[in-house]
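Novice: The structure is given below, and queries will be raised subsequently.
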Amino acid sequence: MSGVSNESTVMDLGLAPEGHKKIEWAATHSPVLNQVRDEHLMDGSFEGLNVGVVLPIEAKTAYLAVVLTEAGADVTVASPSPFMVQDDVAAALVERGVTVYASSLDAPEDSEKEMERLLDRVLREGPGVLIDDRAGLAALLHTTRRNLLANARGASEETTTGVAKMAAMHEEGILEIPCLAANDARCKHLFDNRYGTGQSTLTALMQSTNLMLGGKRVVVLGYGWCGKGIARYAAGLGARVTVCEVDPVRGLEAYADGFDVLPALDAAETGEVFITATGVRDVLTPEHFGRMRNGAILANAGAVDIEVDVAGLSSAATEVRDVRRDVEEFAMPDGRRLYLVGRGMVVNLTAGDGHPVEIMDLTFAIQALCAHHLAKEYATMSPGVHRLPKEIDDEVAALKLDAVGMGIDALTPEQERYLRSWRE
Ligand SMILES: NC(=O)c1ccc[n+]([C@@H]2O[C@H](COP(=O)([O-])OP(=O)(O)OC[C@H]3O[C@@H](n4cnc5c(N)ncnc54)[C@H](O)[C@@H]3O)[C@@H](O)[C@H]2O)c1
Numbered sequence: 015m016s017g018v019s020n021e022s023t024v025m026d027l028g029l030a031p032e033g034h035k036k037i038e039w040a041a042t043h044s045p046v047l048n049q050v051r052d053e054h055l056m057d058g059s060f061e062g063l064n065v066g067v068v069l070p071i072e073a074k075t076a077y078l079a080v081v082l083t084e085a086g087a088d089v090t091v092a093s094p095s096p097f098m099v100q101d102d103v104a105a106a107l108v109e110r111g112v113t114v115y116a117s118s119l120d121a122p123e124d125s126e127k128e129m130e131r132l133l134d135r136v137l138r139e140g141p142g143v144l145i146d147d148r149a150g151l152a153a154l155l156h157t158t159r160r161n162l163l164a165n166a167r168g169a170s171e172e173t174t175t176g177v178a179k180m181a182a183m184h185e186e187g188i189l190e191i192p193c194l195a196a197n198d199a200r201c202k203h204l205f206d207n208r209y210g211t212g213q214s215t216l217t218a219l220m221q222s223t224n225l226m227l228g229g230k231r232v233v234v235l236g237y238g239w240c241g242k243g244i245a246r247y248a249a250g251l252g253a254r255v256t257v258c259e260v261d262p263v264r265g266l267e268a269y270a271d272g273f274d275v276l277p278a279l280d281a282a283e284t285g286e287v288f289i290t291a292t293g294v295r296d297v298l299t300p301e302h303f304g305r306m307r308n309g310a311i312l313a314n315a316g317a318v319d320i321e322v323d324v325a326g327l328s329s330a331a332t333e334v335r336d337v338r339r340d341v342e343e344f345a346m347p348d349g350r351r352l353y354l355v356g357r358g359m360v361v362n363l364t365a366g367d368g369h370p371v372e373i374m375d376l377t378f379a380i381q382a383l384c385a386h387h388l389a390k391e392y393a394t395m396s397p398g399v400h401r402l403p404k405e406i407d408d409e410v411a412a413l414k415l416d417a418v419g420m421g422i423d424a425l426t427p428e429q430e431r432y433l434r435s436w437r438e
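If you're matching positions, the sequence shown starts at 15 in this note's numbering and goes up one per residue.
Right, here's the structure in full:
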């Protein structure tokens, strides 16, 4: 069956039935996004508005696109990488009225160029609101596609890395649209980066290697929100965790949390599993690979796919071969073998199903409300990176607590007065 419908390019529309089932499962477990849709999104703000979305194509992101479509938006989606596309979900999305530029067959020689081509297709639809990943759309919009800037009301950014890039664009004085730092929402990074990345990174590692983590020396590089989650889940599985950091306070925090803290070159000698989560390039390089034990397993959970210097690893190796789905073996000249999971890209997406549905329910409720805020309030917002309004965070958290049958208290008027007063 053809993979092209209207403008969309997907691998095979015949895969749609399986994709619909996956999207239904995500819909059933997304009570917060469903309620946000019913209470806020249907007010006409999205009617006829093009929303360009760049996110991995799997069931949860697909459901965000479906919800925005239900709210009246014309939604176009592309994946940041062909390795992050579930073709059945892409096909189902087309059947649900979303324009999709994503196929796992696109697996490119030069993934950077391919990504730019896909992002460009999203921009050519003239989106009014962008839901961006690593500021890819925003960067193109302010360089090669400046002619489309006038259409754009604003962008909402999903990742830590993307928020930093948008702030850098603003610093240089080139950012011309308001950007909402969806990543910085408390309901995003406290749960998505920490628990979502923690659980799904280790699930992906265990599934793709079929090895156990209990008793293994796991080295976590970067002790930010993602690293904390990974370290905590690894320890919970019985691993002996070492943390590597460049920030002394974060390093001390890891120590106080019960982990060893070592420079990466030292940890390289004893570690059995290495997981990067920094958002920075060249965290594991040939210098580290040269010290690693035979059989060491490497993976990256950060958004930057050059945290592990895969090119350096390939050049150092005498032979590279696939040994399992999502696991490559690198034979080193001295006879050691190192294993890379998920090609050094975001491992929980390239070698796994991404975050748990309940986590993405929170994240995408935030994203949907950010997109809604931009669609409605853009005229009152200045170019730059904005924190999202506190009410959005509070509402999403309250909806989730309600959905799981939990509740919190409110301050009494006396307590509020006490907090505001310095005399008491
Ligand atoms: N895999 C996922 O699903 C997922 C989810 C959310 C975020 N991310 C990505 O993961 C990365 C980390 O996100 P975060 O929210 O934890 O960021 P963060 O800023 O909270 O933490 C990053 C940490 O890495 C440390 N670091 C920087 N360079 C280092 C180096 N060379 N060696 C050791 N440590 C170093 C920093 O000091 C910081 O503590 C980002 O790229 C982010 O976009 C991935």
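No residue lacks a Cβ here, since even glycine has one placed at the ideal position from N, Cα and C.
Check whether the Cβ atoms of A330 and P300 sit closer than 8 Å, and answer yes or no.
Specialist: Yes; because the gap between Cβ atoms is below 8 Å, this pair is in contact.
Novice: So, with DSSP's three-state summary, where would you put A149?
Specialist: Three-state result, A149: coil.
Novice: Within its chain, find whatever has a CB closer than 6 Å to the CB of G285; leave out the 5 residues flanking it on each side and keep chain order.
Specialist: R231, V233.
Novice: Under the three-state reduction of DSSP, which class applies to Y237: helix, strand or coil?
Specialist: Coil, per DSSP.
Novice: Out of V275, V318, N314, which one is the CA nearest neighbour of R295?
Specialist: When only C-alpha atoms are compared, the closest one is V318.
Novice: Quick one: is the Cβ of W239 within less than 7 Å of any heavy atom of ligand 1?
Specialist: Within the cutoff, so yes.
Novice: Quick one: does the C-beta of A40 sit closer than 7 Å to a heavy atom of ligand 1?
Specialist: False, no ligand heavy atom lies under 7 Å from that Cβ.
Novice: List in chain order: all unbroken beta strand (DSSP E) runs of 3+ residues lying wholly within the region 231-315.
Specialist: Correct list: 231-235, 254-258, 287-290, 311-314.
Novice: Report all residues from its chain with a CB closer than 7 Å to the CB of T217; omit the five preceding and five following residues, and keep chain order.
Specialist: Within the same chain, T217 has close Cβ partners G366.
Novice: Among the residues of its own chain, which have a CB less than 8 Å from the CB of G140, if the five just before and after it don't count?
Specialist: If we look at G140 and ignore the five residues flanking it on each side, its Cβ neighbours are N64, L162, N165.
Novice: If you draw a straight line from the alpha carbon of V410 to that of A424, how long is it in whole angstroms?
Specialist: One C-alpha to the other measures close to 16 Å.
Novice: Tell me whether A382 sits in a helix, a strand or coil according to DSSP, three-state version.
Specialist: Residue state, collapsed to three classes: helix.
Novice: DSSP state of N161, grouped into three classes?
Specialist: In this structure, N161 counts as helix in the three-state DSSP scheme.
Novice: Let's test the definition: count the other Cβ atoms within 10 Å of the Cβ of T377 and tell me whether it reaches 16, buried, or not, exposed.
Specialist: By the 10 Å Cβ count, T377 comes out buried.
Novice: Hey, A104 and A87 are a contact pair by Cβ (cut 8 Å); roughly how many whole angstroms apart?
Specialist: Actually they do not touch by this definition, with Cβ atoms about 18 Å apart.
Novice: Helix, strand or coil, according to DSSP, for S16 in the structure here?
Specialist: Residue placement at S16 cannot be trusted, given a pLDDT of 41 that sits under 50; the coordinates are not used to answer.
Novice: Evaluate the contact criterion for the region 342-359 versus the region 200-213: three or more CB pairs, one atom per stretch, below 8 Å.
Specialist: Judged by Cβ distances under 8 Å, the region 342-359 makes no contact with the region 200-213, as fewer than three pairs qualify.
Novice: Would you identify the three-state DSSP class for V112, choosing helix, strand or coil?
Specialist: It is coil, neither helix nor strand.
Novice: Can you tell me where the alpha helix (DSSP H) with D407 in it begins and where it stops?
Specialist: 404-417 is the extent of the alpha helix (DSSP H) around D407.
Novice: Return the residue from the list N314, E172, V399 that minimises the CA-CA distance to T364.
Specialist: Comparing Cα-Cα distances from T364 to each of N314, E172, V399, the minimum goes to N314.
Novice: Taking 6 Å as the limit between beta carbons, can you name the residues of its chain near Y237, skipping five residues before and five after?
Specialist: For Y237, where only same-chain residues beyond five positions count, the Cβ hits under 6 Å are V257, E259, R264, A268.
Novice: Grab me the residues of L82's own chain with a C-beta within less than 6 Å of its C-beta, minus the 5 sequence neighbours each way, in chain order.
Specialist: For L82, where only same-chain residues beyond five positions count, the Cβ hits under 6 Å are V65, V89.
Novice: Could you spell out where the alpha helix (DSSP H) holding R431 opens and where it closes?
Specialist: Note, R431: alpha helix (DSSP H), 427-434.
Novice: Please list, in chain order, all residues of the same chain as L384 whose beta carbon is under 7 Å from its beta carbon, the five residues on each side excluded.
Specialist: It is Cys, not Leu, that sits at residue 384 in the sequence shown. Here the set comprises S170, L194, A196, L402.
Novice: Our contact map puts C201 next to G316 with C-beta atoms below 8 Å; I'd like the distance itself, whole angstroms only.
Specialist: C201 to G316, Cβ: 21 Å. No contact.
Novice: If you run the structure through DSSP and keep just helix, strand and coil, what is R351?
Specialist: R351: strand per DSSP, three-state reduction.
Novice: Starting from S222, trace the beta strand (DSSP E) in both directions and tell me its first and last residue.
Specialist: Counting along the chain, S222 falls outside any beta strand (DSSP E), though it belongs to the alpha helix (DSSP H) covering 211-223.
Novice: Between the Cα of V361 and the Cα atoms of E372, R339, M374, which residue gives the shortest distance?
Specialist: Ranking the options by Cα distance to V361, first place goes to R339.
Novice: Can you tell me where the alpha helix (DSSP H) holding T364 begins and where it ends?
Specialist: T364 -> alpha helix (DSSP H) spans 361-364.
Novice: Measuring straight from C-alpha to C-alpha, what distance separates A249 and V255?
Specialist: Looking at the two C-alpha atoms, the distance is approximately 6 Å.
Novice: CB E21 to CB T113, shorter than 8 Å?
Specialist: Yes, the pair counts as a contact, with Cβ atoms nearer than the cut-off.
Novice: Could you please give the first and the last residue of the uninterrupted beta strand (DSSP E) stretch that includes H400?
Specialist: Unbroken beta strand (DSSP E) run through H400: 398-400.
Novice: Would you check if the region 47-66 and the region 140-154 touch, i.e. whether three or more CB-CB distances between them fall below 8 Å?
Specialist: These segments touch.
Novice: Three-state secondary structure (DSSP) at P192?
Specialist: P192: strand per DSSP, three-state reduction.
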